[in-house]
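Novice: Chain order of the listed sequences is W and U. Position one of the first sequence corresponds to residue 161 (our numbering), numbered consecutively onward. Position one of the second sequence corresponds to residue 45 (our numbering), numbered consecutively onward. Don't be surprised by glycine CBs; every beta carbon is placed ideally from N, CA and C. In this text the structure is predicted, and so the values were computed from the model without any measurement. My questions all concern the structure below.
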Amino acid sequence: MSVTTQAAAPPVNRKKNSLSDGQGRLAAMLLSPTLLILVVVVIIPVIMSIRESMYRKLDGVDPNTGEVLAGEPFVGLGNYITAFTSASGENVTGVFGTMPRLVNAFINNMYFTVVAVSLETVLGVAMALIMAKAFRGKGLVRASILIPWAIPTIVSAMMWKLIFDSNGVANKILGQKILWLQDNAYSQWAIIIADVWKTAPFIGLLALAGLQTIDTQVYEAASVDGANKWQQFVRITLPLMKPALVVAVLFRTLATMAVFELPWGMMGPNKYSVETLSTFAFTEARATRYGQAAAYSVLMFLLVALVAYLFIKLLGADVIGDEEVKAVSAQRKRAKAAHKAELSGGGHTGGGAGVVTTTSGEAQQ
Amino acid sequence: MTAPASTTEFKTTAAEVASLARKERDGKYWFGTIASIVGMAAIVLYCVLPFYWMIVSSLRLPTMGMSNDFLPNPPSLENFAAVFSPANNFGQALINSVIVSFVTTILTLLFGILGAYALARLRFPLKGLVLALIIGCSMFPGITLLIPLLKMFTGTYEWFPNWMNTYQALIIPSLSFGLPLCVWNLTAYFRQLPVELEHSAMVDGCTPAQAFRLIIMPLAAPGVFTTAILVFIAVWNEFMIANTFGTTKAMMTAPVAVNQFTGSLGFNTPFGTIMAAGVIITIPLIVLVLFFQRRIIGGLAAGALK
């Protein structure tokens, strides 16, 4: 990772710049405490997690010799393989059928994420549109919209647990006797509703911030050209709001995939219809099966990395938002294009390796 | 077009200008106004009603925890008294929460201000990589970090002391999300300040360090303050780390304590007491939100992490 980027860095430095001379050392000094801490509290634990996931704690009794098993032998990818197969004999039955426990948790996770984030985004954008049009009462709305965001998630989990109790107010209003918290499809909806309630206003706030950067003259010009309200929304509002919205949705997606407090607080552990990768891995870790737990959490990490990558590549989420970095990368792209043109013009071949290095360096940035 | 010409030749009075400038209040206008008010009311109700239910439930008698009346009847503060019964040790939990949140916030600010300033102002190689690393850290699923730390802190390894139920075990892992949040927000703030400020200070003879300390810090104070609030709220609300490393009654933070309330009434979930504790935990945050709503919204829009 760092090797390729270092290989790509020299072209940036080639030109001496009076503004940037000597700033590298100062930057290193100022940033090193932060980076050191991040290495200690994030990078090292992740590496330890990956290492840990290759070991498995033995417990139980050996069926052949009758000996009590102990120790933590190296099992390679064994933890990952047993997680995806039912070899461990740990098939569970959730809402989506009977399957290995990890697969069940994974499907629950995906289901929560897709449904909850879609609902949050639609509701959030609707809220932003309403707030942008508001004449008065903005202060009141702003204050109230921050309440769901400010309430600790675990407290809101307990709150929704009370609301969704079989004798609770949700059933009273609906006139039903739904067992929301009894490990079934309704439990999934209870969690989705609790999550949407807490985070739709947050997306609304960020969408509103994106909305307020749009010049009203754009709308005036569009309406002069005969665009109706819906066309204005689809062709102007959404595209111009997109940069702010995509980043917000990305962070919500990643947070929803790691959802822990809501299923834990509302239903507790070992409820298969609402078990997520986080709660499953946590349950395993609590049982000191660190190897398996680490394997599940590494899968979770890979999933998060993949989703983040897709958001950045396919939807163009600009999470970094630094003008200079953008300029440097654009400059590098131009240099690469010029280099390529020069190569093809001069009839040379074999510049491929250099180009590949630059591309991978760029992907990191 | 020129102003003097129009006043002399057409004699448009101020009243006429005002009436022309005013928007026409036709049916469309009223429809829009009413729709907007209805929409705003819907948003407020959506946000406030569940919270209202929490407050109402906390104000009932402890024996009426499952009552579904929309007003507490009779209203009572007994649940709040029950929260602080010695069995719950909630006072200690609040103190723990305050310690962990304050220390984490101060540590993140201490390191974050320096790092953010470098990211916002200085030019250096690998800047994109550093930014990507910091934002990547904030995207991390907490559980991936927690498992090896749990194994480490429980004294599994000989080279590492048992850190379960210590403040450092609650504070240090919290930096993993607090520090990126802090650096990210502050970078956004520092970027907004014109770089000419430092340039002119240095022309006047300041060293870069002096320019930062005497010019930038006072101007960035509101941003630092907002960031402190955001980090504080994030740490105050944190549950997974606290639930993992603070397991004894003496070392629980308030959110963990709420989750584990047994109440004074025996086997049923003591919802009244839990809601009262939830209200107590949430009140400092609601106060912060009410006082600093503009700043917080600005900070969220700039940082957009949590």
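Thinking C-alpha only, which one of U:Glu282, U:Leu166, U:Asn209, U:Ala278 is nearest Ala187 (chain W)?
Specialist: Looking up residue 187 (chain W) in the first sequence gives position 27. Nearest C-alpha to Ala187 (chain W): U:Leu166.
Novice: Rounded to whole angstroms, what's the CA-CA distance from Asn268 (chain W) to Ile353 (chain W)? Just pull it up for me.
Specialist: As a working note, residue 268 (chain W) is residue 108 in the first sequence. As a working note, residue 353 (chain W) is residue 193 in the first sequence. Each residue's alpha carbon lies about 15 Å from the other.
Novice: Using beta-carbon positions only, say whether Ile325 (chain U) and Pro312 (chain W) come within less than 8 Å of one another.
Specialist: Residue 325 (chain U) sits at position 281 when you count from the first residue of the second sequence. Residue 312 (chain W) sits at position 152 when you count from the first residue of the first sequence. The answer is yes: Cβ separation under 8 Å.
Novice: Taking the C-alpha atoms as reference points, what is the distance between Ile150 (chain U) and Leu223 (chain U)?
Specialist: By 1-based counting over the second sequence, the position of residue 150 (chain U) is 106. By 1-based counting over the second sequence, the position of residue 223 (chain U) is 179. Rounded to whole angstroms, Ile150 (chain U) to Leu223 (chain U) spans 10 Å at the Cα level.
Novice: List, in chain order, every chain W residue whose beta-carbon is nearer than 9 Å to that of Tyr201 (chain U).
Specialist: For the purposes of this step, residue 201 (chain U) is identified with residue 157 of the second sequence, where counting begins at 1. Those do not exist, as Tyr201 (chain U) stays about 10 Å from chain W at its closest Cβ, beyond 9 Å.
Novice: In or out: Thr376 (chain W) buried (at least 16 other Cβ within 10 Å) or exposed?
Specialist: Along the first sequence, read from residue 1 onward, the residue named residue 376 (chain W) stands at position 216. So Thr376 (chain W) counts as exposed.
Novice: Output the distance between the C-alpha atoms of Ser244 (chain U) and Arg257 (chain U), rounded to the nearest integer angstrom.
Specialist: Within the second sequence, the letter at position 200 stands for residue 244 (chain U). Within the second sequence, the letter at position 213 stands for residue 257 (chain U). Taking the straight line joining both Cα atoms gives about 14 Å.
Novice: For Gly71 (chain U) and Ile305 (chain W), what's the separation of their Cα atoms in angstroms?
Specialist: Taking the first residue of the second sequence as position 1, residue 71 (chain U) is located at position 27. Taking the first residue of the first sequence as position 1, residue 305 (chain W) is located at position 145. Taking the straight line joining both Cα atoms gives about 30 Å.
Novice: At a Cβ cut of 7 Å, what residues of the region 281-293 of chain U count as close to chain W, listed as they run along the chain?
Specialist: Within the region 281-293 of chain U, the qualifying residues are Asn281, Phe283, Met284.
Novice: Starting from Gly180 (chain U), trace the beta strand (DSSP E) in both directions and tell me its first and last residue.
Specialist: As a first step, residue 180 (chain U) is located in the second sequence; it is residue number 136 there, counting from the start. Segment 171-183 is the alpha helix (DSSP H) holding Gly180 (chain U); no beta strand (DSSP E) there.
Novice: Compute the Euclidean distance between the alpha carbons of Gly425 (chain W) and Cys250 (chain U), then round it to the nearest angstrom.
Specialist: Taking the first sequence and counting its residues from 1, one reaches residue 425 (chain W) at position 265. Taking the second sequence and counting its residues from 1, one reaches residue 250 (chain U) at position 206. Spanning the two alpha carbons is a distance of roughly 54 Å.
Novice: Near Ala288 (chain W), what residues of its chain come up, given a Cβ to Cβ distance below 7 Å and the 5 sequence neighbours on each side ignored?
Specialist: Counted from its first residue, the first sequence places residue 288 (chain W) at position 128. Closer than 7 Å at Cβ, skipping near neighbours: Gly364, Ala367, Leu368, Leu371.
Novice: Just to make sure I have the definition right: I need the residues of chain U whose C-beta is within less than 7 Å of the C-beta of Gly184 (chain W). Which are they?
Specialist: What you label residue 184 (chain W) is simply residue 24 of the first sequence in a count that begins at 1. Result: Phe168, Pro169.
Novice: What residues from the region 355-367 of chain W come within 7 Å of chain U, judged by C-beta to C-beta, listed N to C?
Specialist: Against chain U - using a Cβ distance shorter than 7 Å - the residues of the region 355-367 of chain W are Trp357, Pro361, Leu365, Leu366.
Novice: Please compile the residues from chain W whose C-beta is within a distance smaller than 7 Å of the C-beta of Gly186 (chain U).
Specialist: Position 142 of the second sequence, counting from 1, holds the residue named residue 186 (chain U). The contacting residues are Ala418.
Novice: What is the DSSP secondary structure of Phe234 (chain W), counted as helix, strand or coil?
Specialist: Position 74 of the first sequence holds residue 234 (chain W). In this structure, Phe234 (chain W) counts as strand in the three-state DSSP scheme.
Novice: Measure from the C-beta of Thr281 (chain W) to each C-beta in chain U and report whether the shortest distance is under 8 Å.
Specialist: In the first sequence, residue 281 (chain W) corresponds to position 121, counting from 1. No, Thr281 (chain W) does not count as interfacial toward chain U.
Novice: State the beta-bridge partners of Gly254 (chain W) as determined by DSSP.
Specialist: Your numbering for residue 254 (chain W) matches position 94 in the first sequence. DSSP lists W:Gly257 as partners of Gly254 (chain W).
Novice: Check Tyr201 (chain U) in the structure and name its three-state DSSP category.
Specialist: Locating residue 201 (chain U) in the second sequence gives position 157, counting from the first residue. Correct three-state label for Tyr201 (chain U): coil.
Novice: Which partner residues does Tyr215 (chain W) have in the DSSP bridge list?
Specialist: For this step, residue 215 (chain W) is matched to residue 55 along the first sequence. Beta-bridge pairing links Tyr215 (chain W) to W:Phe234.
Novice: Which residues, in chain order, does the region 209-222 of chain U contribute to contact with chain W at a C-beta distance below 7 Å?
Specialist: Within the region 209-222 of chain U, the qualifying residues are Ile216, Pro217, Leu219, Ser220.
Novice: Ile333 (chain W) lies in the alpha helix (DSSP H); which residues open and close that run?
Specialist: The sequence position of residue 333 (chain W) within the first sequence is 173, counting from 1. That run of the alpha helix (DSSP H) goes 329-334.
Novice: Please classify Thr509 (chain W): is it buried, with 16 or more other beta-carbons within 10 angstroms of its beta-carbon, or exposed?
Specialist: Working through the first sequence from its first residue, we reach residue 509 (chain W) at position 349. Note on Thr509 (chain W): pLDDT 46, under 50, position unreliable in the model; no value is reported.
Novice: Kindly list the residues whose CB is nearer than 8 Å to the CB of Gly322 (chain U), restricted to its own chain and excluding five residues on each side of it in sequence; keep chain order.
Specialist: As a working mapping, residue 322 (chain U) is identified with position 278 in the second sequence. Here the set comprises Met98, Ser102, Val302.
Novice: Using 8 Å as the threshold, is the C-beta distance between Ala350 (chain W) and Leu339 (chain W) below it?
Specialist: Working through the first sequence from its first residue, we reach residue 350 (chain W) at position 190. Working through the first sequence from its first residue, we reach residue 339 (chain W) at position 179. No. Outside cutoff.
Novice: Buried or exposed for Ser178 (chain W), please, with buried defined as at least 16 other CB atoms from any protein chain shown within 10 angstroms of its CB.
Specialist: For the purposes of this step, residue 178 (chain W) is identified with residue 18 of the first sequence, where counting begins at 1. Note that Ser178 (chain W) has pLDDT 47, beneath the 50 cutoff, so the model's placement of it is unreliable and the number below is only indicative. The residue in question, Ser178 (chain W), is exposed, as its Cβ has fewer than 16 Cβ neighbours within 10 Å.
Novice: Using a Cβ-Cβ cut-off of 8 Å, state whether Thr56 (chain U) counts as contacting chain W.
Specialist: Working through the second sequence from its first residue, we reach residue 56 (chain U) at position 12. Judged by the 8 Å Cβ criterion, Thr56 (chain U) is not in contact with chain W.
Novice: DSSP three-state label for Met110 (chain U), please.
Specialist: One-based indexing of the second sequence puts residue 110 (chain U) at position 66. Of the three classes helix, strand and coil, the one that applies to Met110 (chain U) here is coil, per DSSP.
Novice: Using the C-alpha atoms, what's the distance from Ile197 (chain W) back to Tyr456 (chain W)?
Specialist: As a first step, residue 456 (chain W) must be located in the first sequence, where it is residue number 296. As a first step, residue 197 (chain W) must be located in the first sequence, where it is residue number 37. Taking the straight line from one Cα to the other gives about 25 Å.
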